[in-house]
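Below: one structure, written as structure tokens.
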Amino acid sequence: MFRKILIANRGEIARRISEAVRPMGVSTVAVYSDADEGAPHTRAADEAVHIGPAAPRESYLNAEAILAAAKKTGAEAIHPGYGFLSENAAFARAVHDAGMTFIGPPPESMERMKDKAEARRLVTAAGVPTVPGTEGTVSTTEEAKAAAAQIGYPVLVKAAGGGGGIGMMPARDDESLEKALRACGDRARSAFGRDAVYLERYLEAPRHIEVQILGDHHGNLIHLFERECSIQRRHQKVTEEAPSPLWWQGKRDLLERIYDAAVRAANAFGYANAGTCEFLVQGDEFFFIEMNARLQVEHPVTELTTGVDLIGWQLRIAAGEKLDLHPSRIERRGAAIEMRVYAEDPIRFFPAPGKITTWEEPTGEGVRVDAGYEAGQMVTPFYDPMIAKLIAWGQDRSEAIARGLAAVRSFKIEGEKLKTNLPLHERILADDAFAAGDLDTHFLEKHARPSK
Ligand code: MV4
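Each residue of the sequence shown is one higher than the last, beginning at 55 in the working numbering.
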């Protein structure tokens with residue numbers, strides 16, 4: 055096992071990684087920008103190194119500064135957390151080239167899943183269902199129209215270099231397809247430097263279900279069941295849970311088929327370490343959309359319902375240990391729901407950063423708070439607006455909801471200018487459609503609306 059690792063991240067995830075690896079006897083190095091001097095994540099680590107100005111490009115995305123900090127402190131491995139450099143294959147290579155270990159998947163498998171059109175081709179060949187669409191990218195309007203006629207409208211134009219919903223445009227007919235091709239291509243070129251696009255049938259109201267994967271470097275690869283992440287707004291997840299309500303609704307055969315597809319997809323990418331396969335589910339049909347090469351924000355709901363320490367396994371796997379967890383020995387227990395607390399207006403959703411004056415976390419049976427902030431700190435516009443994750447566990451889904459609701463109501467965050475979406479969480483957890491598990495990606499357009 056590593057003696058010392060550097061955590062190339064900030065906020066709740068950096069803090070959480072330090073706390074998760076301490077019992078393993080691993081010491082940690084935090085990094086911080088000008089904006090994060092004295093932040094909780096720097097105090098959670100054994101050492102902290104300043105890496106640059108507040109702007110991410112000059113600090114948390116600055117590979118050279120991070121590698122220099124790792125060398126200077128004698129770290130043997132680097133954990134990237136999520137976001138920032140976590141899915142950057144070139145950074146992973148640079149870590150290995152500098153004689154350290156990147157705590158994540160092999161760079162080659164990160165590259166294989168980066169091009170979404172290629173990833174589709176690869177998993178389809180492995181027998182994994184994907185949304186009906188083009189095989190590879192389309193290069194002319196004529197080609198796109200012919201493909202759309204085959205697929206059937208509505209279609210979705212997606213950027214091959216995209217992912218996470220960036221650069222997607224729906225089209226309902228040939229005319230809107232021309233517009234979508236242009237808009238999506240332009241956006242993709244400026245965001246990813248590549249205008250290649252592909253088409254898929256547009257699923258109008260799918261559920262978003264993802265499967266947690268763990269694989270080692272000895273050919274063992276398992277799934278750790280699903281998380282339901284349908285409740286989101288503009289591709290920003292709001293509430294995630296495990297199991298999916300489909301599990302309680304008796305759709306276990308469907309879920310088993312999704313796990314099987316996820317394992318097959320991950321194997322096709324030559325995956326190792328922790329990763330996630332994303333699926334869209336509509337009725338009894340499911341389709342792979344992409345694989346994420348990182349530990350996800352919402353991993354705690356998997357940890358709380360399986361008892362598996364995902365960060366611990368990420369380190370053991372990166373250190374070359376064998377994954378001796380067999381899925382048949384992993385039992386799911388209860389239900390867990392994660393509420394992402396954002397510094398934003400709870401009704402109009404725009405960012406509302408500011409200084410935190412009061413911060414009182416809820417406590418109680420089955421309640422966990424992963425936070426990167428505390429009273430006295432500034433939430434700045436430089437970074438992600440997520441300031442905490444509130445996770446509630448119960449014996450069953452209704453107990454998790456009840457505990458979650460009580461916890462949301464007792465979480466006190468006040469500030470100068472700062473607002474949070476805690477009122478939105480209260481509305482979601484108290485909503486009848488949520489209680490019924492009746493979810494899809496348009497949930498927030500239809501439910502949990504403010505009363506006036
Ligand atoms: C789709 C889709 C409907 N049809 N693909 C958005 C994120 C990216 N990973 C894929 N996304 C979608 N792909 C087809 N063919 C709808 C979405 C989508 C979505 C997916 C998951 C979670 C939230 C979403 C919100 C809007 C759209």
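For glycine and all other residues, C-beta sits at the position ideal for the given N, C-alpha and C. Please read all numbers here as calculations on a predicted model, not as lab measurements.
Assigned secondary structure, residue i (DSSP; H/G/I helix, E/B strand, else coil)
| i | result |
| --- | --- |
| Q368 | helix |
| D424 | strand |
| R255 | strand |
| A502 | coil |
| E130 | coil |
| M78 | helix |
| F145 | helix |
| R97 | helix |
| E419 | coil |
| F497 | helix |
| N321 | helix |
| F56 | coil |
| K212 | strand |
| L476 | helix |
| E118 | helix |
| L308 | helix |
| V400 | Val is not the amino acid found at residue 400; the sequence shown has Pro there. Looking at P400 - three-state DSSP - the assignment turns out to be coil, as it is neither helix nor strand. |
| A124 | helix |
Distance, residue j Cα to residue i Cα
| i | j | result |
| --- | --- | --- |
| K58 | D100 | 9 Å |
| L275 | D492 | 32 Å |
| G187 | E118 | 40 Å |
| L377 | G366 | 11 Å |
| A425 | D438 | 13 Å |
| M571 | K126 | Any property of residue 571 remains undetermined from this structure, which presents the chain solely from 55 to 506. |
| G128 | A148 | 16 Å |
| A490 | R261 | 14 Å |
| I132 | V395 | 27 Å |
| A203 | T178 | 21 Å |
| T356 | G420 | 14 Å |
| F404 | G273 | 45 Å |
| R523 | L235 | Missing from the structure shown is residue 523; the chain here goes from 55 to 506 and no further. |
| A406 | Q290 | 16 Å |
| P110 | F436 | 7 Å |
| I61 | S140 | 11 Å |
| Q449 | E385 | 13 Å |
| P504 | V80 | 46 Å |
| V335 | T411 | 42 Å |
| T359 | W447 | 8 Å |
| L364 | D228 | 46 Å |
| A200 | K305 | 36 Å |
| L379 | T194 | 48 Å |
| G219 | R64 | 24 Å |
The alpha helix (DSSP H) enclosing residue i, as first and last residue numbers
| i | result |
| --- | --- |
| F342 | Per DSSP, F342 belongs to no alpha helix (DSSP H); it is in the beta strand (DSSP E), E339 to N346. |
| P224 | Looking at the DSSP string, P224 is not in any alpha helix (DSSP H); the run it does join, the beta strand (DSSP E), is I220 to A225. |
| I356 | Just to set this straight, residue 356 is Thr in the shown sequence, not Ile. Per DSSP, T356 belongs to the alpha helix (DSSP H) from H353 to T360. |
| Q431 | Taken as a continuous stretch (DSSP letters only), Q431 belongs to no alpha helix (DSSP H), as it is neither H nor E. |
| L231 | D228 to F246 |
| S284 | From DSSP, S284 is part of no alpha helix (DSSP H) but of the beta strand (DSSP E) over L275 to R287. |
| I350 | Here the sequence assigns Gln to residue 350, which means Ile is not the residue at that position. Careful: Q350 lies outside any alpha helix (DSSP H) and carries neither H nor E. |
| Q204 | T195 to I205 |
| V177 | K170 to A179 |
| L300 | P299 to W302 |
Per DSSP, the bridge partner or partners of residue i
| i | result |
| --- | --- |
| W413 | I467 |
| F515 | Missing from the structure shown is residue 515; the chain here goes from 55 to 506 and no further. |
| S87 | G106 |
| I445 | E392 and R422 |
| A296 | A390 |
Nearest-angstrom beta carbon gap, residue j and residue i [assumed within contact, 8 Å]
| i | j | result |
| --- | --- | --- |
| E264 | L309 | About 12 Å; that fails the 8 Å criterion. |
| I267 | G329 | 5 Å |
| Y256 | V209 | 6 Å |
| V433 | L472 | 6 Å |
| F246 | A198 | F246 to A198, Cβ: 19 Å. No contact. |
| N327 | G418 | At roughly 33 Å, the Cβ-Cβ gap does not stay under 8 Å, so N327 and G418 are not in contact. |
| Q431 | A93 | 7 Å |
The beta strand (DSSP E) enclosing residue i, as first and last residue numbers
| i | result |
| --- | --- |
| V335 | N327 to Q336 |
| A487 | First-last for A487: D486 to A489, but that is the alpha helix (DSSP H), not the beta strand (DSSP E). |
| L377 | Looking at the DSSP string, L377 is not in any beta strand (DSSP E), and its letter there is neither H nor E. |
Contact with chain D by residue i, beta-carbon distance below 7 Å
| i | result |
| --- | --- |
| G153 | In the structure shown, chain D does not exist; there is a single protein chain. |
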